[in-house]
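Engineer:
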Amino acid sequence: MARSMLVISRQAPWSGLAAREALDIALAGGAFELPLALLLLDDGVFQLSAGQRPESLEQKDLSANLKALPLFGIETIHVARDSLVQRGLDIDSLGHPIELIEESRLGDFIARFDHVVTL
Amino acid sequence: MARSMLVISRQAPWSGLAAREALDIALAGGAFELPLALLLLDDGVFQLSAGQRPESLEQKDLSANLKALPLFGIETIHVARDSLVQRGLDIDSLGHPIELIEESRLGDFIARFDHVVTL
Amino acid sequence: MKFTIAVFGAPHAPGTRRALRFAQAALAGGHEIVRVFLYREAVQTASANLVSPQDETDMGRAWQRFVADNQIDAVVCIAAALRRGVLDTGEAQRYQRPAANLAAGWALSGLGQLHEAAQQCDRLVCFGDQ
Amino acid sequence: MKFTIAVFGAPHAPGTRRALRFAQAALAGGHEIVRVFLYREAVQTASANLVSPQDETDMGRAWQRFVADNQIDAVVCIAAALRRGVLDTGEAQRYQRPAANLAAGWALSGLGQLHEAAQQCDRLVCFGDQ
Amino acid sequence: MTTLHVVSHSPFADDRLQSCIRLLRPEDGLLLCGNAVEALRDGTKPRALLDEAAAASRSIYALDEDLAARALAGLPEWLRAVDYAGFVELSCQYQRVNGWT
Amino acid sequence: MTTLHVVSHSPFADDRLQSCIRLLRPEDGLLLCGNAVEALRDGTKPRALLDEAAAASRSIYALDEDLAARALAGLPEWLRAVDYAGFVELSCQYQRVNGWT
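Residue numbers (the working numbering), protein chains in the order written: chain U, 1 to 119; chain S, 1 to 119; chain X, 1 to 130; chain F, 1 to 130; chain W, 1 to 101; chain P, 1 to 101.
Structure below.
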């Protein structure tokens, strides 16, 4: 049976290449149809913020890559609820369908996967 | 009259090249006999910790470079007192002679210099 | 056990040295290393152009020796390497850049190589900048 | 006013782009740039080997064009560059490395050049990784 | 003798903003750019710190392109947004620039 | 199903240690290395967090070379120092390794 991988993305979308390169790991794994999940934690939740205008910083739209995840077999984006709350993001107006994970369940969630890559 | 520079070093000595490269700016300026000062702030105060053994990490002794400062005309190392206290460092057992600066005086101290470089 | 070692930090980062020491200890403990994979800033560790001061450890050289001495499968992410200017002969020609600078012993390849190694190993261990 | 611009972050760091926009705005505002000085990870911005994906801004090229178009005195710290594998022809020969990769328009020199510029300018403005 | 402090790290991940605010004087300025503008999010701890600093007569600016990229709403009245021309002007107006790199 | 978390950033400058401790379960392990071992300094806030975690049955380890380099004294009784062979053993003993890179 294929080994599963969790990619934990902890960086804001405008911090250089970190968020993009985390997502690239997920997309590459999805292309091989591997069992793979993405968890946005800490500043990683800023990737979900609605109405982003990456063109003001001459950046590509990371949001489009997030939207592409289902095409690569990654149906849901997992998100730490307390990271969202701490950063003042409104859970009801995010740009993407997500699955919230409570703080008390984060450890169990991580332990569901064979491998973890945190970026 | 020569313009003065304050180098603010905020990184621990074992964080890669940051602390060393901050100190190199100070030493290079000292070699030209420019009016220059060094302020250790935040994690930068770990550079003063006594009894360090850089050889356990195959690193060069940064402490020797700090000791060399007077040879380059930088007589005192300035240190933010609250950074030391917050990090549990004992002010009486530091490896170097220093001049403490109180939190309320940091802004005035910085404003004494023509230029500031923070690393 | 079978390990995959992923390195993300710059050549002179403490995490890059720690990854090497961990890899050496894994072999010494009788374990196997399926692959070493350099990603993000770590691709610079595979640059043949790094020049360390004589009294400092040359991390690029140390990794290169480890890879050669133990015949480690040593892969550098090609997308990360192109962005950061680490090119093999083929890429240097393709993009008409002055010269290849990938050190011997390393191979440029895709992120798929990280996943392939993850499929073959018991533990994937990642090391960052700190 | 006379500005010196010091850049410390990697080529793709937000701070490196911000430094360029600031420098352009300074010139547009009628100010003078005494020198641009690359230090720490920013030395990679002067690598001629950087290859950006076609739909992304090529920061190395953007800086190079700015420096050329405005005849900016553009210095890369030699000690920082050696450690990170950015070499001009002379250094590549001296250390017998495969090839020089310093982009045209940049010159390797010592930290003294940062201090010299600081002596000549009204404002030294530093940009980091973020 | 005034100083313009420039902070660009996320206040949630990094200690720079907090460290800077503690040494900011009424005559100094603070320019938020990059991820540091996230400190302006309504209802967060960093925002409370900024509100407090503004109430104590600290001058706080933000780079407009970073506000736009993040679609930040609910910006405080005390905030002054600047473009790059404004950033350059501030660098002249204050007597030194301390970039918290 | 157990996880070994590896943290190496300074707890005074960065949020990784705090974020990690909040999701650590009794069956997980936490290995401090690099500047993260500074969290062990007596009388500091990060140390209080670690003391609390240890009291709640969390297993906490530290890489011995990082303790030695910093001449850390007053180490807590609950701490287990490991060398690289021990780091490798922990990686086998726990079922996955999460490096907080």
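Quick reminder that beta carbons are idealized off the backbone N, C-alpha and C, glycines included.
This one's a predicted model, so the numbers in the text were calculated from it and none came from an experiment.
#1: Taking the continuous alpha helix (DSSP H) assigned at T76 (chain S), which residues delimit it?
#2: Just verifying my parser: in three-state terms, what is the DSSP assignment at G109 (chain F)?
#3: Less than 7 Å between the beta carbons of R53 (chain U) and A36 (chain W), yes or no?
#4: Against chain U, does H31 (chain F) count as a neighbour if the rule is that its beta carbon must be under 7 Å from one of theirs?
#5: So with CB distances below 7 Å, who are the chain F contacts of F109 (chain S)?
#6: Would the beta-carbon of C20 (chain P) fall within 7 Å of that of V6 (chain P)?
#7: Does the pairing of the segment 25 to 32 of chain S with the segment 35 to 49 of chain P give three or more beta-carbon distances under 8 Å?
#8: With a threshold of 8 Å, are at least 3 pairs of Cβ atoms found where one atom belongs to the segment 53 to 65 of chain P and the other to the segment 21 to 35 of chain P?
#9: For R40 (chain X), which residues of its own chain have a beta-carbon under 7 Å away from its beta-carbon, when the five flanking residues on both sides are left out?
#10: List the residues of chain X that H12 (chain F) touches, going by C-beta distances under 7 Å, in chain order.
#11: With a threshold of 8 Å on Cβ separation, who are the neighbours of L89 (chain S) within its own chain once the five nearest residues in sequence on each side are excluded?
#12: With distances taken Cα to Cα, identify the nearest neighbour of A31 (chain S) among S:D43, S:S63, S:I74.
#13: Where does Y84 (chain W) sit, in a helix, a strand or coil, going by DSSP?
#14: Strictly below 9 Å CB to CB, what residues from chain P border C77 (chain X)?
#15: Identify which residue in F:K2, F:A99, F:H12 has its Cα closest to the Cα of I33 (chain F).
#16: Taking Cβ-Cβ distances shorter than 7 Å, what residues in chain P pair up with A64 (chain S)?
#17: Expressed to the nearest angstrom, what Euclidean distance is found between the alpha-carbon atoms of E99 (chain U) and D92 (chain S)?
#18: On the CB-based measure, 16 or more other CB atoms within 10 Å of its CB, does G30 (chain X) come out buried or exposed?
#19: Cα-Cα, which of U:H115, U:R81, U:V85, U:R87 is closest to R105 (chain U)?
#20: Quick one: which residues of the segment 2 to 21 of chain U get their C-beta closer than 8 Å to a C-beta of chain F? List them in chain order.
#21: Starting from G29 (chain P), trace the beta strand (DSSP E) in both directions and tell me its first and last residue.
#22: Alpha carbon to alpha carbon, what distance is there between M1 (chain W) and R112 (chain S)?
#23: Along chain P, which residues have their Cβ under 9 Å away from the Cβ of A50 (chain S)?
#24: Would you check if the segment 51 to 69 of chain X and the segment 58 to 78 of chain F touch, i.e. whether three or more CB-CB distances between them fall below 8 Å?
#25: Any beta carbon from chain W within less than 7 Å of S93 (chain U)'s own beta carbon?
#26: Are the CB atoms of L102 (chain X) and A46 (chain X) within a distance shorter than 7 Å?
#27: Please report how far the alpha carbon of Q71 (chain X) lies from the alpha carbon of L87 (chain X), in whole angstroms.
#28: Could you name the residues of the segment 64 to 88 of chain U whose beta carbon sits closer than 7 Å to any beta carbon of chain X, in the order they occur along the chain?
#29: Please list the partners that L23 (chain S) has in chain P, where partner means a Cβ-to-Cβ separation under 8 Å.
#30: Taking just the CA atoms, how far does A48 (chain F) sit from E52 (chain P)?
#31: Would you decide whether T16 (chain X) is buried or exposed? Buried here means 16 or more other CB atoms lie within 10 Å of its CB.
#32: Within 10 angstroms of its Cβ, does D55 (chain F) collect 16 or more other Cβ (buried), or is it exposed?
#33: Where do the N-terminal and C-terminal ends of the beta strand (DSSP E) with F12 (chain P) fall, by residue?
#34: Can you list the residues of chain P that F113 (chain U) reaches, using a CB-CB cut of under 8 Å?
#35: Using 7 Å as the limit for Cβ to Cβ distance, is A36 (chain W) near chain P?
#36: With 16 other CB atoms within 10 Å as the buried threshold, where does T89 (chain X) fall?
Structural biologist: Considering the structure as presented:
#1: Taking the first residue of the second sequence as 1, we reach residue 76 (chain S) at position 76. Note, T76 (chain S): premise wrong, no alpha helix (DSSP H); not H, not E.
#2: For the purposes of this step, residue 109 (chain F) is taken as residue 109 along the fourth sequence, with counting starting at 1. In the sequence under discussion, the amino acid at residue 109 (chain F) is Ser, which differs from the Gly named in the question. Reduced to three states, the DSSP call for S109 (chain F) is strand.
#3: Here residue 53 (chain U) refers to the residue found at position 53 of the first sequence. Here residue 36 (chain W) refers to the residue found at position 36 of the fifth sequence. No, Cβ-Cβ distance for R53 (chain U) and A36 (chain W) is not below 7 Å.
#4: Taking the first residue of the fourth sequence as position 1, residue 31 (chain F) is located at position 31. Not closer than 7 Å to any Cβ of chain U, the Cβ of H31 (chain F) fails to qualify, so no.
#5: Your numbering for residue 109 (chain S) matches position 109 in the second sequence. Result: empty, since nearest Cβ-Cβ is about 17 Å, beyond 7 Å.
#6: Along the sixth sequence, read from residue 1 onward, the residue named residue 20 (chain P) stands at position 20. Along the sixth sequence, read from residue 1 onward, the residue named residue 6 (chain P) stands at position 6. Cβ distance not < 7 Å, so C20 (chain P) and V6 (chain P) don't count as in contact.
#7: no
#8: yes
#9: Residue numbering aside, residue 40 (chain X) sits at position 40 when the third sequence is read from its first letter. Cβ within range, chain order: F8, A80.
#10: Along the fourth sequence, one-based indexing puts residue 12 (chain F) at 12. The answer, in chain order, is R83.
#11: Looking up residue 89 (chain S) in the second sequence gives position 89. Cβ neighbours of L89 (chain S) beyond the five flanking positions: V45, F46, L48, S49.
#12: Here residue 31 (chain S) refers to the residue found at position 31 of the second sequence. Considering only alpha carbons, the answer is S:I74.
#13: Taking the fifth sequence and counting its residues from 1, one reaches residue 84 (chain W) at position 84. Looking at Y84 (chain W) - three-state DSSP - the assignment turns out to be helix.
#14: Sequence index remark: in the third sequence, residue 77 (chain X) carries index 77 (1-based). Per Cβ cutoff of 9 Å: no residues; C77 (chain X) is ~14 Å from chain P at best.
#15: Start at 1 with the first residue of the fourth sequence, and residue 33 (chain F) comes out as number 33. For I33 (chain F), the nearest C-alpha among the options comes from F:K2.
#16: The count along the second sequence starts at 1 and reaches residue 64 (chain S) at position 64. What A64 (chain S) touches in chain P: nothing, since even the nearest Cβ is about 15 Å away.
#17: Residue numbering aside, residue 99 (chain U) sits at position 99 when the first sequence is read from its first letter. Residue numbering aside, residue 92 (chain S) sits at position 92 when the second sequence is read from its first letter. Rounded to the nearest angstrom, the two C-alpha atoms are 52 Å apart.
#18: Position 30 of the third sequence holds residue 30 (chain X). Per the 10 Å Cβ criterion, exposed.
#19: By one-based count along the first sequence, residue 105 (chain U) stands at place 105. The shortest Cα separation from R105 (chain U) among U:H115, U:R81, U:V85, U:R87 belongs to U:R81.
#20: W14, S15, G16, L17
#21: The sequence position of residue 29 (chain P) within the sixth sequence is 29, counting from 1. Taken as a continuous stretch (DSSP letters only), the beta strand (DSSP E) holding G29 (chain P) covers 29 to 32.
#22: Within the second sequence, the letter at position 112 stands for residue 112 (chain S). Within the fifth sequence, the letter at position 1 stands for residue 1 (chain W). In a straight line, the C-alpha of R112 (chain S) is about 8 Å away from that of M1 (chain W).
#23: Here residue 50 (chain S) is taken as the residue at index 50 of the second sequence, counted from 1. Those are A71, listed as they occur along chain P.
#24: no
#25: Here the question's residue 93 (chain U) lines up with position 93 in the first sequence. Judged by the 7 Å Cβ criterion, S93 (chain U) is not in contact with chain W.
#26: Start at 1 with the first residue of the third sequence, and residue 46 (chain X) comes out as number 46. Start at 1 with the first residue of the third sequence, and residue 102 (chain X) comes out as number 102. Closer than 7 Å, so yes.
#27: Within the third sequence, residue 71 (chain X) is the residue found at index 71, counting from 1. Within the third sequence, residue 87 (chain X) is the residue found at index 87, counting from 1. Approximately 22 Å between the Cα atoms of the pair.
#28: none
#29: The count along the second sequence starts at 1 and reaches residue 23 (chain S) at position 23. Near L23 (chain S) there are no residues of chain P at all, since even the closest Cβ is about 17 Å away, more than 8 Å.
#30: Taking the first residue of the sixth sequence as position 1, residue 52 (chain P) is located at position 52. Taking the first residue of the fourth sequence as position 1, residue 48 (chain F) is located at position 48. Each residue's alpha carbon lies about 52 Å from the other.
#31: Position 16 of the third sequence holds residue 16 (chain X). The residue is buried, with at least 16 neighbouring Cβ atoms inside 10 Å.
#32: Here residue 55 (chain F) corresponds to residue number 55 of the fourth sequence, with the count starting at 1. Classification of D55 (chain F): exposed, given that the 10 Å Cβ count is below 16.
#33: Working through the sixth sequence from its first residue, we reach residue 12 (chain P) at position 12. No beta strand (DSSP E) contains F12 (chain P), which DSSP labels as neither H nor E.
#34: Residue mapping note: residue 113 (chain U) aligns to position 113 of the first sequence, counting from 1. R96, listed in chain order.
#35: Here residue 36 (chain W) refers to the residue found at position 36 of the fifth sequence. Closer than 7 Å: no.
#36: One-based indexing of the third sequence puts residue 89 (chain X) at position 89. Per the 10 Å Cβ criterion, exposed.
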